[in-house]
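Quick notes on the structure that follows.
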Amino acid sequence: MFTYRRVKNDKELEEVYRLRYQVYCTECGFEDPKDHPGGLEKDEFDEFAVHFVAVDRSENIIGTVRLVNNSELGFPVEKFCNIDLDTARIPRDGLGEISRLAISKTYRRRAGDGVYGASSGTPGLKPAKKEIVDRRRKRPAIVLGLLKALYRESKWMGTVNWYAAMERPLHVLLRRYGFVFYPIGKEVHYHGYRTPYIARIGTIESEIAKRRPEIFQLFTDWNRSPSFDI
1 MFTYRRVKND KELEEVYRLR YQVYCTECGF EDPKDHPGGL EKDEFDEFAV
51 HFVAVDRSEN IIGTVRLVNN SELGFPVEKF CNIDLDTARI PRDGLGEISR
101 LAISKTYRRR AGDGVYGASS GTPGLKPAKK EIVDRRRKRP AIVLGLLKAL
151 YRESKWMGTV NWYAAMERPL HVLLRRYGFV FYPIGKEVHY HGYRTPYIAR
201 IGTIESEIAK RRPEIFQLFT DWNRSPSFDI
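Under UniProt numbering, the sequence shown has 196 at position 196, and the numbering climbs by one with no breaks.
Written as structure tokens, this is what we have:
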């Protein structure tokens with residue numbers, strides 16, 4: 001059973017940066033370790049973000065995601081992607097970006113899984129050993145749990161639109177559960193090959209309620225956490 005919540009203090013935030021370093025720098029090679037001294041993967045947008053964690057019973061952080069809010073820096077997706085959208089038409093105060101989603105290697109399915117644990121479809125990989133299969137089956141629940149925490153915060157803050165730059169496997173995974181994101185630009189090489197997307201939270205709510213009512217109930221019941229058999 002995992003708990004999904006906002007980061008509580010600076011110590012936890014440092015652990016978030018350490019997990020991101022492990023995944024983004026050491027395991028996936030998306031970031032140069034030399035740019036992140038002390039084993040902490042951080043960037044200029046962290047100061048303007050709300051950070052969320054998935055923790056196990058021992059309070060170990062096994063997953064993280066952040067919601068970047070509007071600031072003078074803009075948003076990562078606008079900095080690193082070419083967006084085919086008139087951003088001036090989107091109210092900035094109601095806009096946030098989902099980014100830095102990362103899951104501990106312990107809960108990712110196999111060597112070809114990305115930072116969030118969704119299969120990239122890499123051929124020739126052997127299945128995970130039987131003794132860790134059940135643990136890694138919880139991967140979709142961890143992603144959903146983190147998104148639920150982020151969704152709840154978004155509702156409280158009045159955020160109505162989400163940006164995201166996603167690899168195709170994550171987009172497919174989210175769409176499976178009713179999270180409809182619309183592409184707003186071409187694929188770019190940024191922490192892997194990613195496409196910029198935008199989503200309206202109200203549309204996502206309607207789509208999930210229509211397609212996956214059990215997921216909608218889960219997301220609107222603040223006292224429930226996702227289980228691995230969703």
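Note that CB positions come from ideal geometry on N, CA and C, so glycine has one too.
Exercise for review: Report the rounded CA-to-CA distance for Thr-3 versus Val-77, giving the unit in angstroms.
Suggested key: Whole-angstrom Cα-Cα distance: 28 Å.
Practice item. Taking all protein chains shown into account, decide if Lys-79 is buried (16 or more other Cβ within 10 angstroms of its Cβ) or exposed. Key: Classification for Lys-79: exposed.
Review point. From Arg-168 to Thr-195, what distance separates their C-alpha atoms?
Key: A straight-line Cα-Cα distance of about 8 Å links Arg-168 and Thr-195.
Review point. Mind checking whether Asn-70 and Lys-186 have CB atoms under 8 Å apart?
Key: Not a contact, by the Cβ cut-off of 8 Å.
**Study point:** Proximity of Trp-222 and Arg-152 at Cβ, strictly below 8 Å
**Key:** Yes. Within cutoff.
Check your understanding: At which residues does the beta strand (DSSP E) containing Ser-104 begin and terminate?
Key -> Note, Ser-104: premise wrong, no beta strand (DSSP E); not H, not E.
Check your understanding: Are Leu-150 and Gly-63 touching if we call contact CB-CB under 8 Å?
Key -> Contact flag unset, no.
Check your understanding: Of the residues Ala-199, Thr-220, Glu-14 and Leu-101, which one's Cα is nearest the Cα of Pro-140?
Key -> That would be Leu-101, whose Cα lies nearest to the Cα of Pro-140.
Review point. Roughly how many angstroms separate the alpha carbons of Pro-33 and Val-188, rounded to a whole number?
Key: So the alpha carbons of these two residues sit roughly 22 Å apart.
Practice item. Give the DSSP-derived three-state secondary structure of residue 235 in the structure shown. Key: In this structure the chain extends from 1 to 230, so residue 235 is not present and cannot be described.
**Study point:** Residues sharing a beta bridge with Ile-98, DSSP
**Key:** DSSP output for Ile-98 lists Leu-67 and Ala-164 as bridge partner(s).
Check your understanding: Can the beta-carbon of Leu-13 be found closer than 8 Å to that of His-51?
Key -> For the 8 Å CB-CB criterion, Leu-13 and His-51 form a contact.
Practice item. In angstroms with no decimal places, state the Cα-to-Cα distance between Arg-57 and Ile-142. Key: Rounded to the nearest angstrom, the two C-alpha atoms are 14 Å apart.
Check your understanding: Going along the chain, which residues of its own chain have a beta-carbon closer than 7 Å to the beta-carbon of Arg-20, five neighbours each way excluded?
Key -> When the five nearest sequence neighbours on each side are left out, the beta carbons in the same chain lying within less than 7 Å of the beta carbon of Arg-20 are those of Glu-41, Thr-64, Arg-100 and Ala-102, in order along the chain.
Review point. In angstroms, rounded to a whole number, what distance separates the CA positions of Ile-208 and Gly-192?
Key: Cα to Cα, the separation comes out at about 28 Å.
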